[in-house]
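J.:
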Amino acid sequence: MPDPHFLESNDTFVPRHIGPTESDIQAMLATLNLSSLESLVEATVPSDIHLQGPLTLQPPRGEQEVLAELRGVAQQNHVWRSLIGMGYYDCITPPVIQRNILENPGWYTQYTPYQAEIAQGRLEALVNFQTMVADLTGLPLANASLLDEATAAAEAMTMCAAISRAAGNERHKFFVSENCHPQTIAVVQTRAEPLGIVLQIGAIQSLDLSKGEFFGMLLQYPSTDGYVGDYSEFITRAHAAGVYVVVATDLLALTLLRSPGECGADVAVGSSQRFGVPLGFGGPHAAFMATKEEFRRQMPGRIIGVSKDVTGRLAYRLSLQTREQHIRREKATSNICTAQVLLAVMAGMYAVYHGPAGLRRIAERIHGLTMVLAEGLRRHGCAIGLEPVFDTLRVPLSPGQSDTILNRARQQKINLRRYDDHSLGMSLDEWSSLDEVRRLLAIFVGQDIPEEELRSILTSADVGYPAGLGRTSAYLTHPVFHRYHAEHELLRYIHRLQSRDLSLVHSMIPLGSCTMKLNATAEMIPVTWPEFGRLHPFAPADQTQGYQILFQQLESWLAEVTGFAGISLQPNAGSQGEYAGLMVIRAYHRHRGETQRDVCLIPVSAHGTNPASASMCGMTVVPVACDQRGNVDLTDLEAKATAHRARLAALMVTYPSTHGVFEESIRRMCQIVHTHGGQVYMDGANMNAQVGLCRPADLGADVCHLNLHKTFCIPHGGGGPGMGPIGVARHLVPFMPGHPVTQLGGPQSIGPVSAAPYGSPSILTISWVYIALMGREGLTRATQVAILNANYMAKRLEKHYPVLYTGARGFVAHEFILDLRPLKESSGVEAMDVAKRLMDYGFHAPTVSFPVAGTLMIEPTESEVKAELDRLCEALIAIRGEIQAVAEGRQPRAGNVLKNAPHTASTVTAQEWARPYSREEAAFPAPWVRENKFWPSVGRIDEAYGDRHLFCTCPPVDAVS
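Those letters in the sequence shown? Residues 1 to 961, per UniProt numbering, in order.
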């Protein structure tokens, strides 16, 4: 007998994730004159690439079952007290920040702030972050965060190289202090080699600057051993020799120490992790970079600047630098197109909450306890490494002493750092206490420390710094760092900023190529479990077995979904995945003795990060044309592959194409490249149209990166965090990224591309839960419905806007492009005008002018219900009517409702209204808008003004409310 229906689980996730109901699906299929989802797939996906049989994954499961399983996995991690340091510190996340930012979908489901009028809250929070970094580093220009400290140091190296070349220098050597963190040195080594940059790693005392060989250098202050030196004189000598100086530093230490800027440094980099961001076994964390004003054009990443709206009110925006890397393509010096926004917001709010005095108290407590520990160790005959220090001590020991002390520490569940020479290190942090210092002393001396002795040590410890090292300059003087120290006030400030940002809690964000799908609550919950959040990335392996299980399972699932033999989880952004994949291809060619293979073929439709990544790998970019239907021109591809046969390294191709089409000739493309000795790199940005239907490896790809923040449900977080693991074919497995600290990888592995061995591990739990919940049937159905939703919307809209590209049978993939270019001549209305007008309807704009200028690219995903798809269609159809009114002369070409969009509450409620349309038309253009109106907080922003007047730090407090 069949099981009674009441025995079925009531928390099955698949129908919660997939928006349209069965009746909705049938109605949409009828609109397309199709009978089933299977017939849609047959009409959309080329028959020769269909997956033969279902994915070999588990069936769909319920939320509680999956969370219970993951809880069991988490419990196999053991949260010990980790004093390993190396740039990673346990810290206290203020609960008001954890609950209202990290765990709040109003913050973590925001998109990158390209539409600034509906992103003012997050932009203000990022300006706080930039101001914090600029103040503490003593350098005037900071960006809105980078991926991690090691990659920030590598970015600084290539930035200095570009600055040096611009100054007419052809130097190729870069010095790295041996006192930098080992993972930083390793990532810089990875980045330098393909660019022809020669590294010299050693002691700065032995550096000879007289020969004019070096363009730059990297120092660490405080050093990885804890030493705080005065580098001012050395930096002066470096500048006299034409050498640019990068200093890796610690923001918390800089509340007590003279800043790098005051010491003369050109660039400062580091991590803001200890400002309230959990360890997370290595990430995600927001790195920072600050530099001098004259280097603003060479700075990588995003910079938030200040412009003004049409009323003259100051408003925040992404500055020109953000877009320049895309414009430069293969001439770019960085492929970074993202930031760690959510983590930068947390770190900035930590500074807002504590203020300058609070941060200094935290630093003084950590430093004071460190000096008490140092004094106690000295009293008991232990030598201390170089001093002065901030929070880290290195104790020289014999091998036997070291082993004995490590065993005692393990009995106390404390992790110390062990150096190659058997000395031991420990870094204190915000969780440290006098009792912990007492326990550490007992571990080192082998006996308990009496209370009277501890008091004596406490009173005699020297907590000051020598003249010239201690900080005397002010920092965080802006009122924002003095107003919100009461929790109630910070709570209100966080929510006030949140209310200025449109996120997925308001409406769909239909961005083509960006896959803004449901980030389910069940997927997010494990991120803040302490078993995942409080582990140090270099903790002993026997304490991290839960993470190892999670990695192994996730890797096997992603391998099944993609068809690849190996997965590397290390790349912590899509751009890092591109870079890692190409570096693996490069290593493969070099291993085969074909070092001359350096040409990368890239279709002209590709995202700008593709050619930028290829250039960073030392490759020569050769563009490949597209035909009139938007497909890769096979004739041109074959001609270019033939012409560069001896040097061909790779083809980078996006599938489905950047134009939103399943190209019929994908297998032929791969065959052409393989025939001419190259490898195929597939950009996985559009993987949401492949899962369960076809697999990159089966199509002929050798490498593919996966945007886990797209297809696999990690939230975009306002522009970060992301994850970009790569899948590789069997012959490339030996070359996947390694890591020297944990001995990850083998002898043929490329060096690390991220600071932590597994990138940003704590958010991998999100994708693990998503795949476990959806199972084989759910993942496949999600892909089918994503394609259905896109085709349904394209069908509804094609009578009003031309759909630019379709496949061989007239269908699109999971996204489509509306061509607005003809409207400019008839009405003067451009794509950006439509984008701004959509804000009045309560929607974020689709992707504007990418990959084709003057177009909108829409991706609805599978998560949106049919009613939401219809609302967006109705908004776009209504806007088309507004455009027609302009074309027919019923509305003026200037000053119409589109050119004036978006409309703020202050504009609509102003006493004077001299516009050729009503207030009602401006603010409430559709019935649903009245039910849940989202008001842009500023009017249309003057982009050109902002590019001419870049401000990186907070403007006067009365300038922006």
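Think of the CB as a built atom: it goes at the ideal place given N, C-alpha and C, for glycine as much as any other residue.
1. Do you know offhand how far P4's Cα is from L67's?
2. From which residue to which residue does the alpha helix (DSSP H) around D819 run?
3. Please state if the CB of L136 and the CB of L251 are separated by a distance shorter than 9 Å.
4. Give a yes or no on whether 9 Å exceeds the smallest Cβ distance from R16 to chain B.
5. Please give the ranges of any alpha helix (DSSP H) in the segment 822-907, keeping only runs that are unbroken, at least 4 residues long and fully inside the region.
6. Leaving aside the five residues before and after E777 along the sequence, list all residues of the same chain whose C-beta is less than 8 Å from its C-beta, in chain order.
7. Taking C-beta to C-beta, are L141 and M299 nearer than 9 Å?
8. Could you have a look at D435 and say whether DSSP puts it in helix, strand or coil?
9. Rounded to whole angstroms, what is the Cα-Cα separation between E694 and R297?
10. Have a look at L424, P278, T131 and D435 and flag the residue whose alpha-carbon is nearest the alpha-carbon of A290.
11. From the DSSP output, which residues share a beta bridge with N791?
12. Report yes or no: do three or more beta-carbon pairs, one from the segment 633-647 and one from the segment 717-725, lie closer than 8 Å?
13. With distances taken Cα to Cα, identify the nearest neighbour of I817 among F843, A790 and L838.
14. Near A119, which residues of its chain fall below 6 Å by C-beta distance, leaving aside the five closest residues on each side in sequence?
15. Tell me which residue opens and which closes the alpha helix (DSSP H) that R360 is part of.
16. Measure the alpha-carbon distance for L454 versus G226 and round it to whole angstroms.
17. Going along the chain, which residues of its own chain have a beta-carbon closer than 8 Å to the beta-carbon of Q748, five neighbours each way excluded?
18. I'd like the list of long-range same chain contacts for H50, defined as Cβ closer than 8 Å, with 5 residues on each side in sequence excluded.
19. Quick one: Cα of H814 to Cα of S433, how far?
20. What is the residue span of the alpha helix (DSSP H) that A286 lies within?
21. Would you report the Cα separation of D266 and G468, rounded to the nearest angstrom?
22. Does the distance from the CB of S423 to the CB of V463 come in under 9 Å?
23. Using a Cβ-Cβ cut-off of 7 Å (strictly less than) and excluding sequence neighbours within five positions of N805, which residues of its own chain qualify?
24. Buried or exposed: which applies to A357, given that a residue is buried once 16 or more other Cβ atoms fall within 10 Å of its Cβ?
25. Cα separation between R171 and S164?
26. Which residue from N143, I771, C337 and V622 puts its Cα closest to that of L550?
27. Measure the C-alpha to C-alpha separation of V445 and Q543 and round it to an integer number of angstroms.
28. Measure how close the beta-carbons of Y841 and V929 come, nearest whole angstrom, since I'm counting them as under 8 Å.
29. Below 8 Å, how does it come out for the segment 277-292 and the segment 90-100: are there three or more Cβ pairs, yes or no?
30. With distance defined between alpha-carbon atoms, name the residue in N519, H536, G700 and N179 nearest to I666.
31. What is the DSSP secondary structure of M159, reduced to helix, strand or coil?
32. Pop quiz: D702 and Q679 are said to be a contact at Cβ under 8 Å. What is the actual Cβ separation, rounded to whole angstroms?
33. I'd like to confirm something about F214: is its beta-carbon nearer than 8 Å to some heavy atom of the ligand FAD, or not?
34. Roughly how many angstroms lie between the CA atoms of R492 and G717, to the nearest whole one?
35. How is S423 classed by DSSP in three states: helix, strand or coil?
36. What is the DSSP secondary structure of T404, reduced to helix, strand or coil?
T.: Based on what the coordinates show:
1. Counted from its first residue, the sequence shown places residue 4 at position 4. Counted from its first residue, the sequence shown places residue 67 at position 67. Going by the C-alpha atoms only, they are around 25 Å apart.
2. For the purposes of this step, residue 819 is taken as the residue at position 819 of the sequence shown. Careful: D819 lies outside any alpha helix (DSSP H), inside the beta strand (DSSP E) at F816 to D819.
3. In the sequence shown, residue 251 corresponds to position 251, counting from 1. In the sequence shown, residue 136 corresponds to position 136, counting from 1. Against a cut-off of 9 Å, the Cβ pair of L136 and L251 comes out as a contact.
4. Absent here is chain B; the protein component of the structure consists of one chain.
5. 831-840 and 866-887
6. Stepping through the sequence shown from its first residue, residue 777 is reached at position 777. These residues qualify, in order along the chain: V14, P54, P59 and P60.
7. Within the sequence shown, numbered from 1, the residue matching residue 141 stands at position 141. Within the sequence shown, numbered from 1, the residue matching residue 299 stands at position 299. Yes.
8. Locating residue 435 in the sequence shown gives position 435, counting from the first residue. If DSSP states are grouped into helix, strand and coil, D435 belongs with the helices.
9. Locating residue 694 in the sequence shown gives position 694, counting from the first residue. Locating residue 297 in the sequence shown gives position 297, counting from the first residue. Sequence check: residue 694 is Cys here, not Glu. For C694 and R297, the distance between alpha carbons rounds to 42 Å.
10. Mapped onto the sequence shown, residue 290 falls at position 290. Nearest option by C-alpha distance: T131.
11. Here residue 791 corresponds to residue number 791 of the sequence shown, with the count starting at 1. Per DSSP, none; premise fails for N791.
12. no
13. Within the sequence shown, numbered from 1, the residue matching residue 817 stands at position 817. Answer by Cα proximity: A790.
14. Start at 1 with the first residue of the sequence shown, and residue 119 comes out as number 119. Same-chain partners within the cutoff: P113 and D501.
15. As a position in the sequence shown, residue 360 is number 360, starting the count at 1. That run of the alpha helix (DSSP H) goes V341 to R379.
16. Here residue 454 corresponds to residue number 454 of the sequence shown, with the count starting at 1. Here residue 226 corresponds to residue number 226 of the sequence shown, with the count starting at 1. Answer to the nearest angstrom: the Cα atoms are 23 Å apart.
17. Your numbering for residue 748 matches position 748 in the sequence shown. Excluding positions up to five away in sequence, the list reads A587, H591, P734 and F735.
18. Residue 50 sits at position 50 when you count from the first residue of the sequence shown. Excluding residues within five positions, the ones whose Cβ falls inside 8 Å are V41, L693 and C694.
19. Locating residue 814 in the sequence shown gives position 814, counting from the first residue. Locating residue 433 in the sequence shown gives position 433, counting from the first residue. The alpha-carbon atoms of H814 and S433 are separated by roughly 54 Å.
20. Taking the sequence shown and counting its residues from 1, one reaches residue 286 at position 286. Where A286 is concerned, there is no enclosing alpha helix (DSSP H), given that its DSSP letter is neither H nor E.
21. The residue given as residue 266 occupies position 266 in the sequence shown. The residue given as residue 468 occupies position 468 in the sequence shown. Their backbone Cα atoms lie some 19 Å apart in a straight line.
22. Your numbering for residue 423 matches position 423 in the sequence shown. Your numbering for residue 463 matches position 463 in the sequence shown. Taking 9 Å as the Cβ cut-off, S423 and V463 do not qualify as a contacting pair.
23. Looking up residue 805 in the sequence shown gives position 805. For the record, residue 805 in the displayed sequence is Tyr; it is not Asn. Cβ within range, chain order: R629, G630, H659, G660, V661 and I817.
24. Locating residue 357 in the sequence shown gives position 357, counting from the first residue. By the neighbour-count rule (16 or more Cβ atoms within 10 Å), A357 is not buried but exposed.
25. For the purposes of this step, residue 171 is identified with residue 171 of the sequence shown, where counting begins at 1. For the purposes of this step, residue 164 is identified with residue 164 of the sequence shown, where counting begins at 1. Those two C-alpha atoms are separated by around 8 Å.
26. As a working mapping, residue 550 is identified with position 550 in the sequence shown. The shortest Cα separation from L550 among N143, I771, C337 and V622 belongs to I771.
27. Within the sequence shown, numbered from 1, the residue matching residue 445 stands at position 445. Within the sequence shown, numbered from 1, the residue matching residue 543 stands at position 543. Approximately 26 Å between the Cα atoms of the pair.
28. Reading the sequence shown from its first residue, position 841 is the one you call residue 841. Reading the sequence shown from its first residue, position 929 is the one you call residue 929. Confirmed, about 6 Å.
29. yes
30. Looking up residue 666 in the sequence shown gives position 666. Closest by alpha carbon: G700.
31. The count along the sequence shown starts at 1 and reaches residue 159 at position 159. Here M159 sits in helix by DSSP.
32. Along the sequence shown, read from residue 1 onward, the residue named residue 702 stands at position 702. Along the sequence shown, read from residue 1 onward, the residue named residue 679 stands at position 679. Yes, they are in contact, since the Cβ atoms of D702 and Q679 sit about 4 Å apart, within 8 Å.
33. As for the ligand FAD, it is missing from this structure, which has no ligand bound.
34. Against the sequence shown, residue 492 aligns to sequence position 492. Against the sequence shown, residue 717 aligns to sequence position 717. Each residue's Cα considered, the two are about 20 Å apart.
35. Taking the sequence shown and counting its residues from 1, the one referred to as residue 423 is at position 423. Reduced to three states, the DSSP call for S423 is coil.
36. Within the sequence shown, numbered from 1, the residue matching residue 404 stands at position 404. Helix, per DSSP.
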